[in-house]
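Sequential numbering from 247 applies to the sequence shown in the working numbering.
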Amino acid sequence: MPTRMKTDVHLPQLKHARRLIIASNRGPVEFQLGQDNTLKARRGAGGMVTALIDVGNQLDMTWVAMTMTEGDRMILKEMEQHGGVMPSPLRGQKMKLHYVSVPKTTYRKHYDKISNELLWFLQHYMYDPVQSNMRQLQDAWENGYCEANQAIADAVVDEIEREDSMPVVMLHDYHLYLVSSLIRKVHPSIVIQQFIHIPWPDVRCWHFLPSNITQAIYSGLVGNDIIGFQTERDARNFLEGARTLLEGAVVDFEEGAVWWQGHRTQARAYPISISVHEERRVVKSAPGKRAAEEMKPLLNEFTIMRTDRIEPTKNILRGFQAYDYMLEEHPELIGRVNFLAFLVPSRQSLPIYRRTTAEVQAIVEEINQKYSTDNWTPIHAFYGNDRVRALAAMQFYDVLLVNPIIDGMNLVAKEGPVVNQRDGVLVLSRTVGAFQQLAKGSVPTSPTDVMETAQALYKALTMSKEERHAKATFACQAVERSNLTTWLAKQINDINDLLEREPAETPVEEAEGSPDDVVANVG
């Protein structure tokens, strides 16, 4: 069991601002319509919600989000009868909710076509420009993404104007790239920060898109005062893109800032993390203990686990292929190792996600048919969004496989080490953001090399107790040192610095800049 540290870190308060407005596509609560036509509230899915859910208990906060379910749309009508907001119905959440709705066809264009078919894959270096239909793309942009961003911006403006006190606005992720500039047109002095949860690619990737879309994204984002990224590389990629794409922009790489049309935008790296206390509370709760007891009969001499949304970037197929290859190469493990996979169906409205789900289910069945005996099943796959079960199970892994093709951070890689009780070892892709912090606490692998991943699994299963303990302890303490509170505290401290700073002058443009110059002029 890894040695644990105290995780008590006090969250700093916002200075000169009494309120916080958060806006994202997905809200912290999803309302589901039951068979008896009653509405049931449950915690929203996704890593972004997981990371931010604890914040509302520490600050006076309103969360603005799009309606995603039929239940969300029904509850919106109830909100409208009470001034457009309502308190969160979930126990332990003190935030207020403000949901926004657009026509279903508009939302599908915004969410499916632009956000998830285009931006998600582009920013994960998996976009195929050969398959693009530019007419459909432009329609989805104008009549989907732009309209949804305007709706969110309008709702945030409503919340800004709800009270006289000045709030701080924090926007989240790739669904809302236009919102900050839309807000600033109405409230030019408001402090706005946006955090991007997914990778920010090299500027050449952005050139795959129509220039009007790329220009709108960059000019939209520099409406922020601060843009947060998962890694320093992401932040620099953004600055290089701003220098290339925004005519007249001045970029200072040393300071990490861009000046454009009289406004300064800071690009910072804030590696996202988890609420260590909350993850441990879940596994120690009564539901967590029940889930743990249900998992214990499925454990073996060796137990491998993974937990993911089922989607192409998570690389689930190659993970199972590596397990298959390991069993072929090391038949002595047959019957002695179980693979528990907790898989959450995702974005099933998109064909590529449905194909991925079918492929994952097929390979699980194939491996089980290939190796199963009367008293042993090599893979136990659980489909559905049951976070308690997944967290409770991760107490018992010997190896946690986290092998995405690429990820902005990957919170599973941080959840596992802080709840695991068996000196479990991470097998971790070098291409995830978490690798920068957890490399020494993991067995690294190339996500596209099935044989290397199989070797990494075997190494992790068979390493000495001393090495297992050292790696598990390093990973656990790395997360404890830089937990969710630390992540948010860095952002609040930077916002406080901004609130207290005198207006900055635009730096003098240099006549001849090069890519390596500290200050570079575009024009």
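We put the beta carbon where it would ideally sit given N, CA and C, even for glycine.
ask   = How should T284 be labelled, buried or exposed, when 16 other C-beta atoms within 10 angstroms of its C-beta is the threshold for buried?
value = Position 38 of the sequence shown, counting from 1, holds the residue named residue 284. Burial check for T284: the Cβ neighbour count within 10 Å stays below 16, so the residue is exposed.
What residue range is occupied by the uninterrupted beta strand (DSSP E) comprising V590?
Here the question's residue 590 lines up with position 344 in the sequence shown. Its beta strand (DSSP E) spans residues 583-591.
* Does DSSP classify Q439 as helix, strand or coil? -> As a position in the sequence shown, residue 439 is number 193, starting the count at 1. DSSP places Q439 in strand when its eight states are reduced to three.
Kindly identify the DSSP beta-bridge partner or partners of M416.
-> To locate residue 416, count along the sequence shown from 1; it is residue 170. M416 is bridged to I268, Q439.
Notebook entry, point to check: Do A287 and L364 have their C-beta atoms closer together than 9 Å?
Noted result: As a working note, residue 287 is residue 41 in the sequence shown. As a working note, residue 364 is residue 118 in the sequence shown. Result no, Cβ atoms of A287 and L364 do not sit closer than 9 Å.
For I398 and V425, believed in contact at Cβ under 8 Å, the rounded distance
Locating residue 425 in the sequence shown gives position 179, counting from the first residue. Locating residue 398 in the sequence shown gives position 152, counting from the first residue. The C-beta distance from V425 to I398 rounds to 5 Å, short enough to meet the 8 Å contact threshold.
Beta-carbon contacts of M771 that lie in its chain and below 8 Å, excluding the five residues immediately before and after: In the structure as shown, the chain begins at 247 and stops at 769. Residue 771 is therefore absent and cannot be evaluated.
Query - Status (buried if at least 16 other CB within 10 Å, exposed otherwise) for K530 - result: Reading the sequence shown from its first residue, position 284 is the one you call residue 530. It is exposed - the Cβ of K530 has fewer than 16 other Cβ atoms within 10 Å.
- Message: Can you tell me whether T675 is helix, strand or coil according to DSSP?
- Response: Here the question's residue 675 lines up with position 429 in the sequence shown. Rather than Thr, the amino acid found at residue 675 in this sequence is Ser. Note: S675 maps to strand in three-state DSSP.
Does the Cβ of S618 have 16 or more other Cβ atoms within 10 Å, making it buried, or fewer, making it exposed? In the sequence shown, the residue the question calls residue 618 occupies position 372. The residue is exposed, with fewer than 16 neighbouring Cβ atoms inside 10 Å.
| said: Extract the residue ranges of the alpha helix (DSSP H) inside the stretch 675-699, only unbroken runs of 4 or more that lie entirely within it. | reply: 681-684
ask   = Do V513 and L485 have their C-beta atoms within less than 9 Å of each other?
value = Counted from its first residue, the sequence shown places residue 513 at position 267. Counted from its first residue, the sequence shown places residue 485 at position 239. The question names Val, yet the displayed sequence has Ala at residue 513. L485 is positioned such that its CB atom lies closer than 9 Å to that of A513.
Original post:
Where does H356 fall in DSSP's three states?
Top reply: Position 110 of the sequence shown holds residue 356. The answer is helix: DSSP assigns H356 an H, G or I state.
So if DSSP puts Y345 in a beta bridge, which residue, or which two residues, is it bridged to?
Counting from one through the sequence shown, the residue named residue 345 turns up at place 99. DSSP lists A311 as partners of Y345.
Q: Please confirm if the stretch 363-381 is in contact with the stretch 437-452, defined as three or more CB-CB distances below 8 Å between the two stretches.
A: yes
Original post:
What is the residue span of the alpha helix (DSSP H) that D498 lies within?
Top reply: Here residue 498 corresponds to residue number 252 of the sequence shown, with the count starting at 1. Element bounds for D498: not the alpha helix (DSSP H) but the beta strand (DSSP E), 496-498.
Discussion item. Just to confirm before moving on: does the CB-CB distance between M655 and I518 stay below 9 Å?
Written reply: Counting from one through the sequence shown, the residue named residue 655 turns up at place 409. Counting from one through the sequence shown, the residue named residue 518 turns up at place 272. In this structure, I518 lies closer than 9 Å to M655 by Cβ.
Can you find the residues in the same chain that come closer than 8 Å, C-beta to C-beta, to C451, ignoring five residues on each side of it along the sequence? As a position in the sequence shown, residue 451 is number 205, starting the count at 1. If we look at C451 and ignore the five residues flanking it on each side, its Cβ neighbours are L368, Q369, Y371, Y373.
Roughly how many angstroms lie between the CA atoms of F585 and R593, to the nearest whole one? By one-based count along the sequence shown, residue 585 stands at place 339. By one-based count along the sequence shown, residue 593 stands at place 347. Rounded to whole angstroms, F585 and R593 show a C-alpha spacing of 25 Å.
- prompt: Quick one: is A680 buried, meaning 16 or more other Cβ sit within 10 Å of its Cβ, or exposed?
  reply: For the purposes of this step, residue 680 is taken as residue 434 along the sequence shown, with counting starting at 1. Its Cβ being crowded by 16 or more others within 10 Å, A680 is buried.
What does the alpha-carbon distance come out to for the pair Q396 and R264? Counted from its first residue, the sequence shown places residue 396 at position 150. Counted from its first residue, the sequence shown places residue 264 at position 18. About 25 Å.
Within the same chain, show all residues whose beta-carbon is closer than 6 Å to that of A700, passing over the 5 residues directly before and after it, in chain order.
Here residue 700 refers to the residue found at position 454 of the sequence shown. Correct list, in chain order: A568, Y571, M572.
CB-CB under 8 Å to L422, same chain, minus the five flanking residues each way: which ones, in chain order?
Within the sequence shown, numbered from 1, the residue matching residue 422 stands at position 176. Closer than 8 Å at the Cβ level, and outside the excluded window around L422, lie A269, S270, N271, N395, I398, Q440.
Requested in this report: Pair every Cβ in the stretch 453-471 with every Cβ in the stretch 660-673, then say whether three or more of these pairs are closer than 8 Å.
Outcome: no
(Q) Closest to V346 by C-alpha separation, out of R319, Y357, H356, would be which residue? (A) Position 100 of the sequence shown, counting from 1, holds the residue named residue 346. Closest by alpha carbon: R319.
| query | How is A481 classed by DSSP in three states: helix, strand or coil? | reply | Taking the sequence shown and counting its residues from 1, one reaches residue 481 at position 235. Helix.
Quiz item: Out of V634, P274, I360, which has the shortest C-alpha to C-alpha gap to M541?
Solution: Indexing the sequence shown from 1 puts residue 541 at position 295. Ranking the options by Cα distance to M541, first place goes to V634.
ask   = Under a Cβ-count criterion, where at least 16 other Cβ atoms within 10 Å of its own Cβ denotes burial, should N483 be classed as buried or exposed?
value = Along the sequence shown, read from residue 1 onward, the residue named residue 483 stands at position 237. Buried: at least 16 other Cβ atoms inside 10 Å.
Determine, using beta-carbon pairs with one atom in the stretch 638-649 and one in the stretch 690-708, whether at least three such pairs fall under 8 Å. yes
Less than 9 Å separating the beta-carbons of R510 and D471?
-> Indexing the sequence shown from 1 puts residue 510 at position 264. Indexing the sequence shown from 1 puts residue 471 at position 225. Yes; because the gap between Cβ atoms is below 9 Å, this pair is in contact.
Let me know the secondary structure DSSP gives K340 once reduced to three states. As a working note, residue 340 is residue 94 in the sequence shown. DSSP places K340 in coil when its eight states are reduced to three.
List the endpoints of the continuous alpha helix (DSSP H) containing Y599. Position 353 of the sequence shown, counting from 1, holds the residue named residue 599. Element bounds for Y599: 597-617.
Check: Taking buried to mean at least 16 other C-beta atoms within 10 Å of its own C-beta, is N649 buried or exposed?
Finding: Locating residue 649 in the sequence shown gives position 403, counting from the first residue. Result: buried.
**Request:** Take L734 as the anchor and find which of A515, G581, F628 has the nearest alpha-carbon.
**Result:** Here residue 734 corresponds to residue number 488 of the sequence shown, with the count starting at 1. Taking each of A515, G581, F628 in turn and checking the Cα distance to L734, the smallest one comes out for A515.
Exercise. Taking I520 as the reference, give the member of Q641, L730, W446, I438 with the closest Cα.
Key: On the sequence shown, position 274 is the one that residue 520 refers to. Checking every option, the nearest Cα to that of I520 belongs to L730.
Which residues bound the alpha helix (DSSP H) around W733? For the purposes of this step, residue 733 is taken as residue 487 along the sequence shown, with counting starting at 1. 730-746 is the span of the alpha helix (DSSP H), which, as asked, contains W733.
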